[in-house]
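Enquirer:
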Amino acid sequence: MVARAALLLGLLVPGSAAGVVDAPSVHAGPEFEASALVAAAPIPAQTAQASEPAATEPGAAEDLGFLARLVTWLRETTAGLGWLGPFFFGLFYALAVVLFVPGSALTIAGGVTFGLALGTLTVFVGANIGAALAFLIARYVLRDRVEKLLANRPALRAIDRAVETQGWRIVFLTRLSPVFPFSAQNYFYGLTGVTFTQYVAASLVGMFPGTLLYVYIGAAGAEVAEASGGAASWGQTALLVAGLAATAAVVVLVTRVARRELQKALAEVEETPGATA
422 MVARAALLLG LLVPGSAAGV VDAPSVHAGP EFEASALVAA APIPAQTAQA
472 SEPAATEPGA AEDLGFLARL VTWLRETTAG LGWLGPFFFG LFYALAVVLF
522 VPGSALTIAG GVTFGLALGT LTVFVGANIG AALAFLIARY VLRDRVEKLL
572 ANRPALRAID RAVETQGWRI VFLTRLSPVF PFSAQNYFYG LTGVTFTQYV
622 AASLVGMFPG TLLYVYIGAA GAEVAEASGG AASWGQTALL VAGLAATAAV
672 VVLVTRVARR ELQKALAEVE ETPGATA
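Positions in the sequence shown are counted from 1; adding 421 to them yields this note's numbering.
#1: Under a Cβ-count criterion, where at least 16 other Cβ atoms within 10 Å of its own Cβ denotes burial, should Pro465 be classed as buried or exposed?
#2: Check whether the region 659-670 touches the region 545-565, taking contact to mean three or more Cβ pairs, one atom from each stretch, closer than 8 Å.
#3: Is Thr528 helix, strand or coil when you go by DSSP?
#4: Round the Cβ separation of Ala500 and Gly506 to the nearest angstrom and send it over; I've been treating them as touching at under 8 Å.
#5: Please report the straight-line C-alpha distance between Asp581 and Phe603, rounded to a whole angstrom.
#6: With a threshold of 8 Å, are at least 3 pairs of Cβ atoms found where one atom belongs to the region 539-556 and the other to the region 619-636?
#7: Excluding five sequence neighbours on each side, which residues of the same chain lie with their C-beta closer than 7 Å to the C-beta of Phe535?
#8: When you compare each of Lys569, Val615, Val675 to Ile591 by their alpha carbons, which one comes out closest?
#9: In whole angstroms, what separates the C-alpha of Phe487 from that of Val675?
#10: Could you spell out where the alpha helix (DSSP H) holding Thr613 opens and where it closes?
#11: Tell me where the alpha helix (DSSP H) around Trp589 begins and ends.
#12: Go ahead and label Val678 buried or exposed: buried means 16 or more other beta carbons lie within 10 angstroms of its beta carbon, across all protein chains shown.
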């Protein structure tokens, strides 16, 4: 996961990826975002087995190139807006979530553009607004169409049954260790019985670790690039990269625990009499 993030980072900030690529790897990820449209690196609380194609697959390089151009345009536009930049970035991110655009590159770009603190806040708010909008669209606007798109998916049926009894807990666990793409989750949960309040609360907590990690990757990459050019202290950069490694390790641990808990919850549903009816 971090290796693919480093590839994206290298496209966005030339010369930066080498300084962060040795951070601990995470097996699955927040993907701000998996998509039916274009490919990107998975993020720990938002894509796992349903991640996008590897960078070596046909068409993946073009997808990464598209994301790089998109993010470059977004960063340049944001830079020209001054203090309005974070607001524009956050709104753009929310729209990207609704439209199934992979958010991993955008999340890294948030760290490159705004640094760790402001970047995390900007991306986190934008991602949650987008997730809430997609949920409401699925529930009240495009319900029939979304139901058809998500039909005949056994994993989704199991999760749907689990949501009936465990609600917010299932949303929380799939945000930390998803079994299908983040953007699809947003629409799927709009079809379930989970309340909007439970959905938003569970998403707020579950999406934070992955958001922090990918923004951290972007911020560390920008710092490495500046240090290489003599514009920043290598000591400060080393601390930032060390912090990234520690953050990645914690996210890996949390993701693995969440995956085990999710598997147990789904197994309990399958063992319940009448669950497969």
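Every residue, glycine too, gets a C-beta built ideally from N, C-alpha and C.
Expert: Reading off the structure:
#1: At Pro465 the pLDDT is 39, less than 50, meaning the model places this residue with poor confidence and gives no usable figure here.
#2: no
#3: helix
#4: 7 Å
#5: 16 Å
#6: yes
#7: Pro507, Thr543
#8: Val615
#9: 32 Å
#10: From DSSP, Thr613 is part of no alpha helix (DSSP H); its letter is neither H nor E.
#11: 589-597
#12: exposed
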